[in-house]
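Take a look at the structure below.
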Amino acid sequence: MKKLLTAIMFLISLSVISAAGPQMSVPETHWDFGNVPQNSTLTHDYWIRNIGNDTLKIIDVRPG
């Protein structure tokens with residue numbers, strides 16, 4: 406019984422640890438501009454939300 410209780414407590418602690426820290430949520434991950442004339446300037450806003458419990462730091466953004 407003691408081993409079972411220890412195993413359960415260990416699994417609970419793992420789930421708490423994995424939920425800690427910043428977590429980024431981006432509802433819209435792709436945007437298609439369609440056919441665009443050459444040398445056009447394109448922009449699109451993406452909403453980023455931190456659903457974690459720590460500060461989310463965005464260090465670098467790269468178009469792809």
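Basically my numbering = 1-based index in the sequence shown + 405. Beta carbons are placed, not taken as given, at the ideal position from N, Cα and C, and that holds for glycine.
Check, Outcome
"Cβ pair Ile378, Val431 closer than 8 Å", "Coverage of the chain is limited to positions 406 through 469, which leaves residue 378 absent and any answer about it impossible."
"Beta-carbon proximity list for Gln428, same chain, < 8 Å, skipping 5 on both sides", "Asn455, Ile456, Gly457 and Leu461"
"Close beta carbons around Glu433, own chain, < 8 Å, minus the five adjacent residues each side", "Tyr451 and Trp452"
"Separation of Asp459 from Gly426, as counted between CA atoms", "5 Å"
"Nonlocal neighbours in the same chain, by C-beta distance under 7 Å from His449, ignoring five residues either side", "Trp436"
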